[in-house]
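Engineer: Provided herewith is a single structure, encoded as structure tokens, for subsequent inquiry.
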Amino acid sequence: MSDYLAFHPDPKVPDYTPPAGAVDAHCHVFGPASVFPFAPERKYTPCDASKEQLFALRDHLGFARNVIVQATCHGKDNAALADALLASGGMARGVAIVDPEIDDDELDALHAAGVRGVRFNFVKRLVDATPHEVFERVAARVTRLGWHIVVYFEGQDLPEVAPLVARLPGIVVVDHMGRPDVSKGVDGNGFQEFLAFLTDHEDVWVKVSCPERLTVAGPPYDDVVPFARTLVERFSDRVLWGTDWPHPNMKSHMPDDGALVDVIPKNAVTEDLRHRLLVENPMRLYWPEEAG
Ligand code: 0GY
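Just so you know, we're using this note's numbering here: the sequence shown kicks off at 1225 and counts up by one.
Quick look at the structure:
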């Protein structure tokens, strides 16, 4: 039984055609629960969302590659993620959730499967709090592999997490634009503080993803566009984009993934910005050996 909306069964073919080699840099695979059970400590139960369905969506939307991000419902069991990465023929990379006691052999196996980062989740409705020193120990464990760190927090929690994020080694990627309160506008204190944080910390990247979670107005998410556009224009060499398919834990409405792709040209208004967002930046981070 899932307790949130199922993903869109029939997304439109987007009007916007992404550039060749485009990367969906934030998406998930879930289950199937009969093979890859969900974590006992999870806060929500998603419906199954298989690797085959993800790869079919990738092709349907005109993308070439995926970055599959471990979500809290699978906890620290990265088996479904590794299985999808291994089945992708090198066209997917992953971000795992691990604890500091993980064996080196297990880390090496995740790396061989295609994992290139770890995710630290601070969202209180999704996880019980993890002490910051635990996250720092995880960061120390993965440095030898050259992995980066993905952080997920709500806008109002930036002051609490900023000192840790600033201390973390290497590149840190912030999920979903740092989850601003869209009703406060781009000039609101929270988003301005986030912009200042990005300006001061050149190793911090950001995903311009999830207008469907941030919007007050609803589709086509025009109230979120000014936030995304500001990030894309000010930090063009450290922004990523992702669908967030299958949109876990969404209760208000389920986005059409094709319509989400159609938001991209509003966020990134030149071909150069779109190429950086969808190809150059994710390739540099996840496939550096192939990046031009
Ligand atoms: C997302 C967003 C959410 C869920 C998770 O790990 C997760 O469970 O990140 C959310 O509920 O906002 O990125 O999928």
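We put the beta carbon where it would ideally sit given N, CA and C, even for glycine. Keep in mind that this is a model prediction, so the values were computed, not measured.
Return yes when at least one heavy atom of ligand 1 lies under 7 Å from the C-beta of Y1240, else no.
Structural biologist: In the sequence shown, counting from the first residue as 1, residue 1240 sits at position 16. Y1240 Cβ: outside cutoff for every heavy atom of ligand 1.
Engineer: Does V1342 come out as helix, strand or coil in the three-state DSSP assignment?
Structural biologist: Start at 1 with the first residue of the sequence shown, and residue 1342 comes out as number 118. If DSSP states are grouped into helix, strand and coil, V1342 belongs with the strands.
Engineer: Could you tell me whether any non-hydrogen atom of ligand 1 is closer than 7 Å to the CB of A1452?
Structural biologist: Numbered from 1 along the sequence shown, position 228 holds the residue referred to as residue 1452. Not under cutoff, so the answer is no.
Engineer: Between I1395 and Y1510, what straight-line distance do the alpha-carbon atoms span, to the nearest angstrom?
Structural biologist: Your numbering for residue 1395 matches position 171 in the sequence shown. Your numbering for residue 1510 matches position 286 in the sequence shown. For I1395 and Y1510, the distance between alpha carbons rounds to 12 Å.
Engineer: The beta strand (DSSP E) with R1317 in it runs from where to where?
Structural biologist: On the sequence shown, residue 1317 is found 93 positions in, with the first residue counted as 1. Run containing R1317: A1316 to A1320, per the beta strand (DSSP E) assignment.
Engineer: Give the secondary structure of V1440 by DSSP, where H, G and I count as helix, E and B as strand, and everything else as coil.
Structural biologist: The residue given as residue 1440 occupies position 216 in the sequence shown. Here V1440 sits in coil by DSSP.
Engineer: Could you tell me how far apart the beta carbons of P1450 and A1483 are, in whole angstroms, since I believe they sit closer than 8 Å?
Structural biologist: The residue given as residue 1450 occupies position 226 in the sequence shown. The residue given as residue 1483 occupies position 259 in the sequence shown. So it is not a contact: roughly 18 Å between Cβ atoms.
Engineer: In or out: H1372 buried (at least 16 other Cβ within 10 Å) or exposed?
Structural biologist: Residue numbering aside, residue 1372 sits at position 148 when the sequence shown is read from its first letter. Under this definition H1372 is a buried residue.
Engineer: Taking the alpha-carbon positions, what's the P1404 to L1285 distance?
Structural biologist: Residue mapping note: residue 1404 aligns to position 180 of the sequence shown, counting from 1. Residue mapping note: residue 1285 aligns to position 61 of the sequence shown, counting from 1. Distance between the alpha carbons of P1404 and L1285 is about 27 Å.
Engineer: What is the residue span of the beta strand (DSSP E) that H1499 lies within?
Structural biologist: Looking up residue 1499 in the sequence shown gives position 275. Here H1499 belongs to no beta strand (DSSP E); instead the alpha helix (DSSP H) covers E1495 to H1499.
Engineer: Using only the heavy atoms of ligand 1, determine whether one of them is closer than 7 Å to the beta carbon of C1271.
Structural biologist: On the sequence shown, position 47 is the one that residue 1271 refers to. Incorrect: C1271 has no Cβ contact closer than 7 Å to ligand 1.
Engineer: Quick check on the DSSP output: the beta strand (DSSP E) that includes A1249 runs from which residue to which?
Structural biologist: For the purposes of this step, residue 1249 is identified with residue 25 of the sequence shown, where counting begins at 1. It spans V1247 to C1251 - the beta strand (DSSP E) in which A1249 sits, taken as one unbroken run.
Engineer: Buried or exposed: D1461, going by 16 or more other Cβ atoms within 10 Å of its Cβ?
Structural biologist: The residue you call residue 1461 lines up with position 237 of the sequence shown. Exposed: under 16 other Cβ atoms inside 10 Å.
Engineer: Tell me whether P1472 is buried or exposed, calling it buried when 16 or more other Cβ atoms sit within 10 Å of its Cβ.
Structural biologist: For the purposes of this step, residue 1472 is taken as the residue at position 248 of the sequence shown. When all chains shown are included, P1472 counts as buried.
Engineer: Count the other CB atoms within 10 Å of the CB of E1357; is the residue buried (16 or more) or exposed (fewer)?
Structural biologist: Start at 1 with the first residue of the sequence shown, and residue 1357 comes out as number 133. When all chains shown are included, E1357 counts as exposed.
Engineer: What does DSSP give as the partner residue(s) for F1254 in the beta ladder?
Structural biologist: Mapped onto the sequence shown, residue 1254 falls at position 30. Bridge partners of F1254: A1273.
Engineer: In whole angstroms, what is the alpha-carbon distance linking V1410 and Q1416?
Structural biologist: Here residue 1410 is taken as the residue at index 186 of the sequence shown, counted from 1. Here residue 1416 is taken as the residue at index 192 of the sequence shown, counted from 1. Using only the alpha carbons, I get a separation of about 7 Å.
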